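Engineer: The structure is given below, and queries will be raised subsequently.
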Amino acid sequence: DAGVIQSPRHEVTEMGQEVTLRCKPISGHNSLFWYRQTMMRGLELLIYFNNNVPIDDSGMPEDRFSAKMPNASFSTLKIQPSEPRDSAVYFCASSWRGNTEAFFGQGTRLTVV
Amino acid sequence: AQRVTQPEKLLSVFKGAPVELKCNYSYSGSPELFWYVQYSRQRLQLLLRHISRESIKGFTADLNKGETSFHLKKPFAQEEDSAMYYCALTGAGTALIFGKGTTLSVSS
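Respectively, the protein sequence lines represent chains A and B. Going by the working numbering, the first residue of the first sequence is number 822, and it counts up by one from there. Going by the working numbering, the first residue of the second sequence is number 6, and it counts up by one from there.
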């Protein structure tokens, strides 16, 4: 298995544009997480899916953020409209159970100008 | 509410010196504690977890429930230990949450 795969690796977009980040979890894992990493806040949990169902989305900062998991092998995190303060590295991670070791993707570095 | 606190943003030590990265937590039940490491240009990866009680790359961490701490220790730091270290916590039905991280810098 290639591990958790995220795309794109880098994204530069203008303020107001829609941004979609993608994640393919490890096959067989049933839990998926989206995190945001910044210097000021460290690694913040945005949303947690279990068996494709959102369990905890309390970390999603605003209505501009939405996440979906249409099937066990794909998830998206969408920001619409994007703002400069959304600039960060976004990580996707998966595990076979929510409270076991999480495997991380390489991250997507988002820059909103 | 569950919370992980890493009080030091940056820890700088010389090669061969002992290292202790502090982690305190707040959780009402029985947590599982982890240390994750992120080396330069690599993805975040698990370093060790408290239930396994093992030493990885010379690092150990003991869960102290009385002090609600899970400090990471290594007796002799190496330059290749330079990285960002995150303490993390999870519990029954909850996602993994992280502290803000500590950058360890080991110089010769």
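Just so you know, even glycine gets a beta-carbon here, dropped at the ideal spot from N, CA and C. If you're wondering where the values come from, they're calculated on a predicted model, not measured in any experiment.
(1) Rounded to whole angstroms, what's the CA-CA distance from residue 30 of chain B to residue 894 of chain A? Just pull it up for me.
(2) With a threshold of 7 angstroms between beta carbons, is residue 105 of chain B in contact with chain A?
(3) Just checking: is the beta-carbon of residue 832 of chain A within a distance shorter than 7 angstroms of some beta-carbon in chain B?
(4) CA-CA distance, residue 891 of chain A and residue 22 of chain B?
(5) Counting pairs of Cβ atoms below 8 angstroms between the region 65-81 of chain B and the region 902-914 of chain A, do you hit three or more?
(6) Give me the Cβ distance between residue 88 of chain B and residue 24 of chain B, rounded to the nearest whole Å; I'm assuming they're in contact under 8 angstroms.
(7) Does DSSP classify residue 883 of chain A as helix, strand or coil?
(8) Run down chain B in chain order and give the residues with a C-beta less than 7 angstroms from the C-beta of residue 869 of chain A.
(9) Which parts of the region 830-886 of chain A are runs of the alpha helix (DSSP H), unbroken and 4 residues or longer, counting only runs that do not cross its ends?
(10) With respect to the beta strand (DSSP E) encompassing residue 823 of chain A, which residues constitute its N-terminal and C-terminal limits?
(11) Thinking residue 77 of chain B and residue 28 of chain B are a contact (beta carbons under 8 angstroms), I'd like their distance in whole angstroms, please.
(12) For the putative contact between residue 924 of chain A and residue 912 of chain A, defined by C-beta atoms under 8 angstroms, what is the C-beta separation to the nearest angstrom?
(13) Under the DSSP definition of a beta bridge, which residues are partnered with residue 89 of chain B?
(14) Secondary structure at residue 905 of chain A, three-state DSSP: helix, strand or coil?
Structural biologist: Judging by the given coordinates:
(1) Taking the first residue of the second sequence as position 1, residue 30 of chain B is located at position 25. Taking the first residue of the first sequence as position 1, residue 894 of chain A is located at position 73. Spanning the two alpha carbons is a distance of roughly 33 angstroms.
(2) Start at 1 with the first residue of the second sequence, and residue 105 of chain B comes out as number 100. Yes - at least one Cβ of chain A is within 7 angstroms of the one on residue 105 of chain B.
(3) Here residue 832 of chain A refers to the residue found at position 11 when the first sequence is read from its first residue. By this cut-off, residue 832 of chain A is not an interface position.
(4) Here residue 891 of chain A refers to the residue found at position 70 of the first sequence. Here residue 22 of chain B refers to the residue found at position 17 of the second sequence. Taking the straight line joining both Cα atoms gives about 50 angstroms.
(5) In short, these stretches do not touch, since the Cβ pair count stays below three.
(6) What you label residue 88 of chain B is simply residue 83 of the second sequence in a count that begins at 1. What you label residue 24 of chain B is simply residue 19 of the second sequence in a count that begins at 1. Rounded, the Cβ-Cβ distance is 11 angstroms, inconsistent with contact.
(7) Translated into the one-based positions of the first sequence, residue 883 of chain A becomes position 62. Shown here, residue 883 of chain A sits in coil according to DSSP, grouped into three states, outside any helix or strand.
(8) On the first sequence, position 48 is the one that residue 869 of chain A refers to. For a Cβ distance threshold of 7 angstroms, residue set 100 of chain B lies close to residue 869 of chain A, ordered along the chain.
(9) As far as the region 830-886 of chain A is concerned, it has no whole alpha helix (DSSP H) run of at least 4 residues.
(10) Counting from one through the first sequence, the residue named residue 823 of chain A turns up at place 2. Careful: residue 823 of chain A lies outside any beta strand (DSSP E) and carries neither H nor E.
(11) Counted from its first residue, the second sequence places residue 77 of chain B at position 72. Counted from its first residue, the second sequence places residue 28 of chain B at position 23. Sure, about 7 angstroms apart at Cβ, within 8 angstroms.
(12) Along the first sequence, one-based indexing puts residue 924 of chain A at 103. Along the first sequence, one-based indexing puts residue 912 of chain A at 91. About 11 angstroms; that fails the 8 angstroms criterion.
(13) On the second sequence, position 84 is the one that residue 89 of chain B refers to. In the DSSP output, where bridge partners are listed per residue, residue 89 of chain B has B:43 and B:108.
(14) As a working note, residue 905 of chain A is residue 84 in the first sequence. In the structure shown, residue 905 of chain A falls within a helical segment according to DSSP collapsed to helix, strand and coil.
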